[in-house]
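*Asks:* Would you mind keeping the following structure in view while I ask a few things?
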Amino acid sequence: MEVHLVKVMTLQEAYVQLAKEFDFTPQQVEYRLTRIQQGTALKIKREMARRLMTLMKSSEDGKRPSP
């Protein structure tokens, strides 16, 4: 069995680490972090919309939604 240790960092720590490891400019790192945050927000919005549609459909059918 493989064990992987993961260090939890703040965004600021990750920002500094990326800049050091990949020799990115601060603008390049900021752009990448922004894209990651936007992607996460989009995934959350899609999941919320999917759940809302499921809830609306089940209420139309007169059934309780399954969790």
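So for the sequence shown, the numbering used here puts the first residue at 98; every next one is plus one.
Yeah, the Cβ is synthetic: ideal placement off N, Cα and C, and Gly gets one too.
1. Based on Cα-Cα distance, which residue from E99, E157 and Q109 lies nearest to L130?
2. Is A116 closer than 9 Å to V126 when the C-beta atoms are compared?
3. Kindly indicate the opening and closing residues of the alpha helix (DSSP H) around K104.
*Replies:* Considering the structure as presented:
1. Q109
2. yes
3. It is not in any alpha helix (DSSP H) - K104 carries neither H nor E in the DSSP assignment.
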